[in-house]
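J.: To start, I am sharing the structure in question, which I have written as structure tokens.
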Amino acid sequence: MEIRLFGTVNDSIVDGPGLRYTIFTQGCLHHCPGCHNPQSHPLDGGYVEDCDKILAEIFNNPLLDGITLSGGEPMLQIEPLKYICQEVKKHHLNIVIYSGYTYEQIISDQNKLSLLKLGDMLVDGLYVEEKRSLALLYRGSSNQRLINIQESLKQGKVIEYIIDEYGEIEI
Numbered sequence: 005m006e007i008r009l010f011g012t013v014n015d016s017i018v019d020g021p022g023l024r025y026t027i028f029t030q031g032c033l034h035h036c037p038g039c040h041n042p043q044s045h046p047l048d049g050g051y052v053e054d055c056d057k058i059l060a061e062i063f064n065n066p067l068l069d070g071i072t073l074s075g076g077e078p079m080l081q082i083e084p085l086k087y088i089c090q091e092v093k094k095h096h097l098n099i100v101i102y103s104g105y106t107y108e109q110i111i112s113d114q115n116k117l118s119l120l121k122l123g124d125m126l127v128d129g130l131y132v133e134e135k136r137s138l139a140l141l142y143r144g145s146s147n148q149r150l151i152n153i154q155e156s157l158k159q160g161k162v163i164e165y166i167i168d169e170y171g172e173i174e175i
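Count along the sequence shown from 1, add 4, and you get the number used in the working numbering.
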């Protein structure tokens with residue numbers, strides 16, 4: 005199976021908790037003003053990569069805590085990302101998903117929900133330049149939420165992670 009990518013980062017410490025392999029998908033329809041990755045917007049841009057090659061890179065790094073799906077918009081490439089996430093879960097790595105869609109929009113679409121169910125943390129919502137803050141952990145603007153996906157699905161309501169005064173995540 006193949007996926008269209010903007011790029012990957014083998015050892016990120018800014019795209020979620022711990023050491024992460026970040027997958028930047030190619031293609032985004034949101035076009036948020038001030039987007040950090042505007043080159044990732046064209047649906048036909050970037051390059052095509054084999055999902056098994058990505059998985060090999062992930063599994064070759066024993067120090068990883070998890071992977072992060074970013075973009076672009078990951079919800080535009082659900083099937084290849086589901087394949088990657090299903091394999092990653094077998095190795096007990098956690099999964100962070102960034103999306104311009106809100107949690108509520110994602111759970112109302114069965115296709116998007118099928119990918120969301122594989123994740124652990126969702127950073128949801130459009131980037132809003134007027135709400136930009138460098139003080140936010142893992143987010144670009146204050147409207148975006150850090151959502152505990154599994155607890156939210158279990159309880160039927162949004163459960164956000166709490167960030168303590170030391171910048172640590174509490175459940």
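Ideal Cβ positions, reconstructed from N, Cα and C, are used throughout, including at glycine.
Please read all numbers here as calculations on a predicted model, not as lab measurements.
Give the DSSP bridge partners of LEU9, in chain order.
T.: Taking the first residue of the sequence shown as position 1, residue 9 is located at position 5. Its beta-bridge partners are THR29 and TYR51.
J.: Using a Cβ distance threshold of 8 Å, determine whether the region 81-97 contacts the region 122-129, with at least three qualifying pairs required.
T.: Taking 8 Å as the limit for Cβ pairs, the verdict is that the region 122-129 does touch the region 81-97.
J.: Is LYS161 buried or exposed, if buried means 16 or more other CB atoms sit within 10 Å of its CB?
T.: Your numbering for residue 161 matches position 157 in the sequence shown. When all chains shown are included, LYS161 counts as exposed.
J.: Can you tell me which of the three DSSP states ILE17 falls into?
T.: Here residue 17 refers to the residue found at position 13 of the sequence shown. In this structure, ILE17 counts as coil in the three-state DSSP scheme.
J.: Using the C-alpha atoms, what's the distance from THR26 back to GLY75?
T.: Here the question's residue 75 lines up with position 71 in the sequence shown. Here the question's residue 26 lines up with position 22 in the sequence shown. Cα to Cα, GLY75 sits roughly 9 Å from THR26.
J.: Using the beta-carbon count (16 or more within 10 Å), is VAL127 buried or exposed?
T.: Here residue 127 refers to the residue found at position 123 of the sequence shown. It counts as buried.
J.: Measuring alpha carbon to alpha carbon, tell me which residue in ASP69, ASN65, ILE111 and GLY11 is nearest LYS49.
T.: Looking up residue 49 in the sequence shown gives position 45. At residue 49 the sequence reads Gly, which differs from the Lys that was named. Checking every option, the nearest Cα to that of GLY49 belongs to GLY11.
J.: Who are the near neighbours of LEU23 in its chain, counting only those whose CB is closer than 7 Å to its CB and skipping five residues on each side?
T.: Working through the sequence shown from its first residue, we reach residue 23 at position 19. Excluding positions up to five away in sequence, the list reads ASP15, ILE17, LEU67, LEU68 and ASP69.
J.: What does ILE62 pair with, by DSSP beta-bridge criteria?
T.: To locate residue 62, count along the sequence shown from 1; it is residue 58. Paired residue(s): none; ILE62 is not in a bridge.
J.: Can you give me the Cβ contacts of ILE173 inside the same chain, cut-off strictly under 8 Å, excluding the 5 residues immediately before and after it?
T.: Here the question's residue 173 lines up with position 169 in the sequence shown. Hits under 8 Å: PRO21, LEU141, LEU150, TYR165, ILE166 and ILE167.
J.: Contact check, ILE101 vs LEU73 under 8 Å by CB: the rounded distance?
T.: What you label residue 101 is simply residue 97 of the sequence shown in a count that begins at 1. What you label residue 73 is simply residue 69 of the sequence shown in a count that begins at 1. About 5 Å separates the two Cβ atoms, so the contact holds.
J.: Out of ASP113, ILE58 and ASP54, which one is the CA nearest neighbour of MET79?
T.: On the sequence shown, position 75 is the one that residue 79 refers to. For the residues ASP113, ILE58 and ASP54, the minimum Cα distance to MET79 belongs to ASP113.
J.: Ordered along the chain, which non-local residues of its own chain (more than five positions away) have a Cβ less than 7 Å from that of GLN30?
T.: In the sequence shown, residue 30 corresponds to position 26, counting from 1. The answer, listed in chain order, is ARG8, LEU9, PHE10, SER44, GLY49, GLY50 and GLY76.
J.: Restricting to Cα atoms, I'd like to know which of THR106, ILE153, ILE62 and GLY104 is closest to LEU97.
T.: For the purposes of this step, residue 97 is identified with residue 93 of the sequence shown, where counting begins at 1. The shortest C-alpha separation from LEU97 is found at ILE62.
J.: Could you tell me if GLN81 is buried or exposed, where buried requires 16 or more neighbouring beta carbons within 10 angstroms of its beta carbon?
T.: Here residue 81 refers to the residue found at position 77 of the sequence shown. Buried, by the Cβ-count rule.
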